[in-house]
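**Q** Residue numbers (the working numbering): 96 to 315. Mind having a look at this structure? Questions to follow.
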């Protein structure tokens, strides 16, 4: 895993499963309150060890979107930490009916219901951290990013990667909405550190191609 310390925040990533999906643990250092983001396949033991080692108290489970490679360990995580699962309502159906999005399931995925829903602009408190929800449809209808502005941190799911974006060929993808989502991200502070759903960390400044994304990815 990779570990980064901020002034009052801990973030750790655990690349897991067949697509090395980044599961995250974020925590407020002041209160030890933690959230688990995108529990990818086979991440449960690593995430649990992190929680135990740092004596964190899990308060919520957050999903950037509902693709199975970001949700496969929801059942096992929820069993260990019976806290609310939060998702955007436009992606909720895929949790209750795995495969509803038309993407083949490479491993068995158990159905599960979300406990809470967020929308664009909502603020989620985690100890002294404020997590703002940015609805970024495109890769999925209910895709979101989590922005912790005071820490210059963005957890981008599969909206934005280092040098790339989420796959737009999937059945529920909406390319035109993706370009609008990326325009919102390009307006964030340049020093914002981006923690994606796959691959290495980056920054908004490093992704200087964002204004030309539609052209670059062949949709102009």
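Using N, Cα and C, we set each Cβ at its ideal position, and we do this for glycine too. All values derive from a computational prediction rather than experimental measurement.
Please classify residue 134: is it buried, with 16 or more other beta-carbons within 10 angstroms of its beta-carbon, or exposed?
**A** The residue labelled residue 134 in the question sits at position 39 within the chain shown. That one is buried.
**Q** Take every Cβ of the region 215-229, pair it with every Cβ of the region 120-127, and state whether three or more of those distances are shorter than 8 Å.
**A** Verdict: yes, contact present.
**Q** Leaving aside the five residues before and after residue 175 along the sequence, list all residues of the same chain whose C-beta is less than 8 Å from its C-beta, in chain order.
**A** In the chain shown, residue 175 corresponds to position 80, counting from 1. Here the set comprises 139 and 143.
**Q** Inspect the beta-carbon positions of residue 285 and residue 300 and report whether they are closer than 8 Å.
**A** As a position in the chain shown, residue 285 is number 190, starting the count at 1. As a position in the chain shown, residue 300 is number 205, starting the count at 1. Yes, the Cβ-Cβ distance between residue 285 and residue 300 is below 8 Å.
**Q** Check whether the region 164-182 and the region 261-280 touch, using three or more Cβ-Cβ pairs below 8 Å as the test.
**A** No: fewer than three Cβ pairs fall under 8 Å.
**Q** What does a CB cutoff of less than 7 Å around residue 215 pick up in its chain, not counting 5 residues either side in sequence?
**A** Here residue 215 refers to the residue found at position 120 of the chain shown. 228, 229 and 230, listed in sequence order.
**Q** Give the secondary structure of residue 123 by DSSP, where H, G and I count as helix, E and B as strand, and everything else as coil.
**A** Locating residue 123 in the chain shown gives position 28, counting from the first residue. Strand, per DSSP.
**Q** Does residue 165 come out as helix, strand or coil in the three-state DSSP assignment?
**A** Translated into positions along the chain shown, residue 165 becomes position 70. Three-state result, residue 165: helix.
**Q** Using only the alpha-carbon positions, how far apart do residue 115 and residue 184 sit?
**A** As a first step, residue 115 is located in the chain shown; it is residue number 20 there, counting from the start. As a first step, residue 184 is located in the chain shown; it is residue number 89 there, counting from the start. If I take the Cα positions, the gap works out to 26 Å.
**Q** Return the bridge partner residues of residue 256 from the DSSP annotation.
**A** As a first step, residue 256 is located in the chain shown; it is residue number 161 there, counting from the start. Paired residues: 259.
**Q** For residue 315 and residue 279, what's the separation of their Cα atoms in angstroms?
**A** Taking the first residue of the chain shown as 1, we reach residue 315 at position 220. Taking the first residue of the chain shown as 1, we reach residue 279 at position 184. Computed Cα separation, rounded: 18 Å.
**Q** Roughly how many whole angstroms lie between the Cα atoms of residue 101 and residue 245?
**A** Position 6 of the chain shown holds residue 101. Position 150 of the chain shown holds residue 245. The predicted position of residue 101 is uncertain, since its pLDDT is 49 and thus under 50; a value taken from the coordinates is nonetheless stated next. For residue 101 and residue 245, the distance between alpha carbons rounds to 10 Å.
**Q** Just to confirm the assignment, what range does the alpha helix (DSSP H) spanning residue 157 have?
**A** In the chain shown, residue 157 corresponds to position 62, counting from 1. Boundaries around residue 157 are those of the beta strand (DSSP E), 152-157, since no alpha helix (DSSP H) includes it.
**Q** In angstroms, rounded to a whole number, what distance separates the CA positions of residue 152 and residue 126?
**A** Along the chain shown, read from residue 1 onward, the residue named residue 152 stands at position 57. Along the chain shown, read from residue 1 onward, the residue named residue 126 stands at position 31. The straight-line gap from Cα to Cα measures roughly 9 Å.
**Q** In this structure, does DSSP put residue 268 in helix, strand or coil?
**A** Taking the chain shown and counting its residues from 1, one reaches residue 268 at position 173. Reduced to three states, the DSSP call for residue 268 is coil.
**Q** Could you give the DSSP three-state label for residue 282: helix, strand or coil?
**A** In the chain shown, counting from the first residue as 1, residue 282 sits at position 187. Three-state result, residue 282: coil.
**Q** So residue 248 and residue 106 are supposed to be a Cβ contact under 8 Å. How far apart are they, rounded?
**A** Counting from 1 along the chain shown, the entry for residue 248 is found at position 153. Counting from 1 along the chain shown, the entry for residue 106 is found at position 11. About 7 Å separates the two Cβ atoms, so the contact holds.
**Q** Per DSSP, what kind of secondary structure is residue 230 in: helix, strand or coil?
**A** For this step, residue 230 is matched to residue 135 along the chain shown. If DSSP states are grouped into helix, strand and coil, residue 230 belongs with the strands.
**Q** Does the distance from the CB of residue 206 to the CB of residue 191 come in under 8 Å?
**A** Residue numbering aside, residue 206 sits at position 111 when the chain shown is read from its first letter. Residue numbering aside, residue 191 sits at position 96 when the chain shown is read from its first letter. Yes. Within cutoff.
**Q** Tell whether a beta-carbon distance below 8 Å holds between residue 235 and residue 162.
**A** Translated into the one-based positions of the chain shown, residue 235 becomes position 140. Translated into the one-based positions of the chain shown, residue 162 becomes position 67. It is a contact, given that the beta carbons lie within the stated cut-off.
**Q** Assign residue 302 to one of three DSSP states: helix, strand, or coil.
**A** Working through the chain shown from its first residue, we reach residue 302 at position 207. Reduced to three states, the DSSP call for residue 302 is coil.
**Q** Within the same chain, show all residues whose beta-carbon is closer than 8 Å to that of residue 196, passing over the 5 residues directly before and after it, in chain order.
**A** Numbered from 1 along the chain shown, position 101 holds the residue referred to as residue 196. Once the five neighbours on either side are set aside, the close Cβ partners of residue 196 are 161, 162, 189, 235, 265, 266 and 267.
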